[in-house]
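>
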Amino acid sequence: MSTPAPARPSFAAVRACAVTARGAVRPGNEDAVLLFDWINQSPRARLTELTTAWTPPLVCAVADGLGGHSAGELASRLAVADVANRYIAWDGPQAVHDGVIAVGHALHDTAARQPGTGGMRTTLAGVLLVDDGAYVFNVGDSRVYRLTDGYLEQLSVDDAGPDGATVTQSLGDPPEPPLAPHVALARLDPAGGRFLLCTDGVHGQLDERQFRAICREPDARALVERLRDEVYAAGAADNLTAVVVDVLPHPVDPPSGDPDR
């Protein structure tokens, strides 16, 4: 007699709290954020909070147009928009891998055709929530972390040179050498889970100890606000984007009966 497979956890909802904004140096915001099917690239540091029912697949992503490259602002916006159009078909790690490559090729093709956009590039990092967990994907140095009881674990892989400042691959690069996205499955606990997505305008602007201390904040909105405020206090030399994604469990049913009896 075969043993039945364990039931997959079922959740109530997913809540995303995000900020994307222009820093103190550059004239525009070259970052972009995707929350489910909603895209934002505001220059103002206002928080956005969205909640949706648990209806996987669901995606959240951040992109950072590379500074110094033409049309970085357009590159990041096109990348997250393309993810929004494609992710519904990403039904496994290979599909996520191939889908991210397709986003990169499409960006490169657009740059080749559209005047004034030659060489535009962007990073990309995101989580695709599925029935049995979350596919974490990234290209470049934007990051995805898992937060568990205040413990910060980086799930993405930095594509950066030894100095930490040079991005070694990005979306929009020529098709040769082939793009190599990083994709990994992060299992979800039945109690839910929390992910932090951010560009290097956040994780690269704050001292590691300070960054980890802020991430121990239990309230998602307060966490994002503190990251934003501390980045500005540190000079905000780059654009900044931070997203906290909470997978929310079903509420616990109260005990039945009269507790006073």
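Here numbering that gives the first Met the number 0 is used: position 148 in the sequence shown is 147, and no number is missing along the way. Built from N, CA and C at the ideal position, the CB exists for glycine as well. A quick note: this is a predicted structure, and the numbers were derived from the prediction, not measured.
Which residues in the same chain as Q113 place their Cβ atom closer than 6 Å to its Cβ, once the five residues preceding and following it in sequence are excluded?
Cβ neighbours of Q113 beyond the five flanking positions: none.
> Within the chosen definition, does the region 212-228 reach the region 155-174 through at least 3 CB pairs nearer than 8 Å?
Not touching, per the Cβ criterion.
> Using the Cβ count rule (16 or more neighbours within 10 Å means buried), how would you classify T165?
exposed
> If you run the structure through DSSP and keep just helix, strand and coil, what is H96?
helix
> Report the residue from C16, P92, D131, G98 whose alpha carbon sits nearest the alpha carbon of N84.
G98
> Label P26 either buried or exposed according to how many other C-beta atoms from any shown protein chain fall within 10 Å of its C-beta, with 16 as the threshold for buried.
exposed
> Below 8 Å CB to CB, which residues in the same chain sit around V182 once its five sequence neighbours on both sides are set aside?
P92, V95, H96, V99, Y134, V135, F136
> Just mark P180 as buried or exposed, buried being the case when its beta carbon has 16 or more other beta carbons within 10 Å.
P180 should be labelled buried.
> Is I87 buried or exposed, if buried means 16 or more other CB atoms sit within 10 Å of its CB?
exposed
> Pick from G191, D90, V246, N238: whose alpha carbon is nearest that of A20?
N238
> At which residues does the alpha helix (DSSP H) containing E72 begin and terminate?
71-85
> To the nearest angstrom, report how far apart I213 and V61 are at their CA atoms.
20 Å
> Taking its Cβ as the centre, do 16 or more other Cβ atoms sit within 10 Å of S9, making it buried, or is it exposed?
exposed
> Between which two residues does the alpha helix (DSSP H) harbouring H202 extend?
199-202
> Kindly indicate which residue of D158, G118, D131, Q204 has the alpha-carbon position closest to the one of A124.
D158
> Counting C-beta neighbours from all protein chains within 10 Å, is the total for E48 16 or more, i.e. buried, or is it exposed?
exposed
> So T121 and G64 are in contact, right, with Cβ under 8 Å, and what is the actual spacing, rounded?
Confirmed, Cβ separation roughly 5 Å.
> Between the C-alpha atoms of R303 and R211, what's the straight-line distance to the nearest angstrom?
Missing from the structure shown is residue 303; the chain here goes from 0 to 260 and no further.
> Could you compute how far the alpha carbon of D140 sits from the alpha carbon of H249?
34 Å
> Which word fits D257, buried or exposed, when buried means at least 16 other C-beta atoms lie within 10 angstroms of its C-beta?
Residue placement at D257 cannot be trusted, given a pLDDT of 45 that sits under 50; what the coordinates show is reported in the next sentence. Exposed, since its Cβ has fewer than 16 Cβ neighbours within 10 Å.
> So D202 and R142 are supposed to be a Cβ contact under 8 Å. How far apart are they, rounded?
For the record, residue 202 in the displayed sequence is His; it is not Asp. Rounded, the Cβ-Cβ distance is 6 Å, consistent with contact.
> Return the CA-CA distance between G118 and L73, expressed in angstroms with no decimal places.
11 Å
> By Cβ distance, which residues of its chain are closer than 6 Å to C16, with the 5 residues on each side in sequence left out?
Taken in chain order, the residues that qualify are E48, A219, R220, V223, V243.
> Exposed or buried, what is D199 when buried is set at 16 or more other beta-carbons lying within 10 Å of its beta-carbon?
buried
> Whole-angstrom Cβ separation of D245 and V13, contact assumed at under 8 Å?
7 Å
> Round the Cβ separation of V156 and V79 to the nearest angstrom and send it over; I've been treating them as touching at under 8 Å.
That belief does not hold up - the Cβ atoms of V156 and V79 are roughly 20 Å apart, past 8 Å.
> Drop a sphere of 10 angstroms on the beta-carbon of R260, count the other beta-carbons inside from all chains shown, and report buried for 16 or more, exposed for fewer.
Residue placement at R260 is poorly supported in this model, since its pLDDT is 35, which falls under 50; the coordinates are not used for a value here.
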